[in-house]
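Peer 1:
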Amino acid sequence: MKVLRTCLRVQAGRFYSKAVEAGSQPLFLNPHEWKGLPADQIFELHNLRKEYLGDKYNPSDEERNAILSTITALAKNTPELDYTYEIDNFQERFMNNTPMNKRGLPQKRSNTYVIEKGETPHQKRRIEQLARVSAYEMPLLAKFRQSYEPKPASETPLKLTYNTDFSNESNKFNRQVTLNVNINDLGLSDKQQHKFILLAGNKYNFDTTTLRLKTDQFSEAAQNARWLVDTFNKLLAEAKDLSKEDFADIPLDRRHMKLLKTKYEPQFPEAWKRPQDAPVVKHNVVNRLVELVKEKKDDQYVSGLSP
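Going letter by letter, the sequence shown gives residues 1295 to 1601 in the numbering used here.
Below, the structure written as C-alpha cells:
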C-alpha cells in the first residue's frame, strides 16, 4: 500500500512539475509558483502537498495567497451593481448590514430634506451639454429658417378635430371626430350653395356659414375621420350636380337656428328687489385686518419713495 501511494505521488509530481532543469522540486512542493493556475489545479496541488509532507506539513504564506486567489473563480457569478439614484437609501438597501428579511423591500422614505444636497454628476453633465448646444449649435439653425406661408382656405377647406383622453383610450370621447368646413371656401355657385344647405339640413350654421359633422360610430378615430370625409365628398358631389334637381323652389329651413341662440334671460320687475332681506355679513374681522395691513404696507412703500 505504501509503495502504491509512493508511485502515485511520484506520478503526480511528474505530472504537475514544470519543464525546468533537472534536479528541481515538483510543482506541488513550490507554492510560490501556483499563482495564476486554475482553481481546481491549485486545490489538487494543495492536497498532494499535504499528503506528501504528512506530519511535517506546515502551510506557508505563498500557499495561502494562492488558495485565496481562487475565491473569485469559485464564487457565484453575480451581476455588477448598477448605478443607483437612491443615495440616501443606499446603505439600507444594498449594504451587507441590511437584514435578509428586509432586503428587496421598497425604499424607505427619508425624512431628510434632500432638495439642496446637489445633483448627481451625470445630471450636471447633461445640463451642461444642453447649455452648450443652445449656445453654439442652435444659433446655426437660423440659416435654415423659412417664412411661414399658410395655404389658402380654398385649398384646405376641411378641418378635422380629434379628442384625446389619457385616462381611457377606448372611450366614446376619444374616438369621436368632428369635421368643420366653411361653405364660402368650397367655390360653389349660388344654386349649388342653395342645394348644399338644403342637403346639409340642421348641420349647417347660418350665422357662421359652416357645416359641422361629427361621429363616433367606429372603434377608431381614423375610421370615423375617413367616414366623415367620404360623407362630405358625397354631399359636395350631389350639391354640384344640378342636372337632376336644383331645389330652387324650396326655401331654406332656419328653424334649427333657434336652438343655437343664447338662452333667454328672464326680466324681473324692480319692485321685486328687496335689499333689506339680503344676508348680513358678520365676523368680517379677517378681511378687515387684511385691508389694514395692505394700507399700512402701501403707506410704507410710498413714504420710502417720497422725498
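Every residue gets a Cβ at the ideal spot worked out from N, C-alpha and C, and that includes glycine.
Consult DSSP for R1358 and reduce its assignment to one of helix, strand or coil.
Peer 2: helix
Peer 1: Distance check for K1329 and L1321, CA to CA, integer angstroms please.
Peer 2: In this structure, the CA atom of L1321 is about 11 Å from the CA atom of K1329.
Peer 1: Buried or exposed for F1490, going by 16 or more other Cβ atoms inside 10 Å?
Peer 2: buried
Peer 1: I want to know whether the stretch 1503 to 1512 touches the stretch 1560 to 1569 - three or more CB-CB distances under 8 Å.
Peer 2: The answer is no - the stretch 1560 to 1569 does not touch the stretch 1503 to 1512, with fewer than three Cβ pairs under 8 Å.
Peer 1: So, are the CB atoms of V1471 and P1451 less than 8 Å apart?
Peer 2: no
Peer 1: So, with DSSP's three-state summary, where would you put V1475?
Peer 2: Residue state, collapsed to three classes: strand.
Peer 1: Between the stretch 1359 to 1368 and the stretch 1324 to 1339, do three or more beta carbon pairs fall short of 8 Å?
Peer 2: yes
Peer 1: Can you name the start and end residues of the beta strand (DSSP E) that K1552 belongs to?
Peer 2: That residue, K1552, is in no beta strand (DSSP E); its alpha helix (DSSP H) goes 1551 to 1554.
Peer 1: Rounded to whole angstroms, what's the CA-CA distance from Q1570 to N1578? Just pull it up for me.
Peer 2: 19 Å
Peer 1: How many angstroms separate the CA atom of V1427 from the CA atom of P1433?
Peer 2: 9 Å
Peer 1: With a threshold of 16 other CB atoms inside 10 Å of the CB of R1420, please say whether the residue is buried or exposed.
Peer 2: exposed
Peer 1: Just tell me which of E1345, L1454, E1327, L1399 has its CA closest to the CA of R1520.
Peer 2: L1454
Peer 1: Pull up the distance between the alpha-carbon of V1654 and that of Q1417, whole angstroms please.
Peer 2: There is no way to answer for residue 1654, as the model of the chain reaches only from 1295 to 1601.
Peer 1: Let's test the definition: count the other Cβ atoms within 10 Å of the Cβ of N1518 and tell me whether it reaches 16, buried, or not, exposed.
Peer 2: buried
Peer 1: Give me the residue from Y1346, Q1319, E1357 with the minimum Cα distance to L1331.
Peer 2: E1357
Peer 1: Pair every Cβ in the stretch 1528 to 1536 with every Cβ in the stretch 1575 to 1590, then say whether three or more of these pairs are closer than 8 Å.
Peer 2: no
Peer 1: Kindly give me the distance between the Cβ atoms of D1540 and K1485, rounded to whole angstroms, as I take these residues to be in contact under 8 Å.
Peer 2: 5 Å
Peer 1: Measure the beta-carbon distance from L1482 to A1542 and round it to whole angstroms, keeping in mind my assumption that it falls under 8 Å.
Peer 2: Wrong, their Cβ atoms sit about 14 Å apart, outside the cutoff.
Peer 1: Quick check on DSSP: helix, strand or coil for L1529?
Peer 2: helix
Peer 1: Using the rule of at least 16 other Cβ atoms within 10 Å of the residue's Cβ for burial, across every protein chain shown, is P1415 buried or exposed?
Peer 2: exposed
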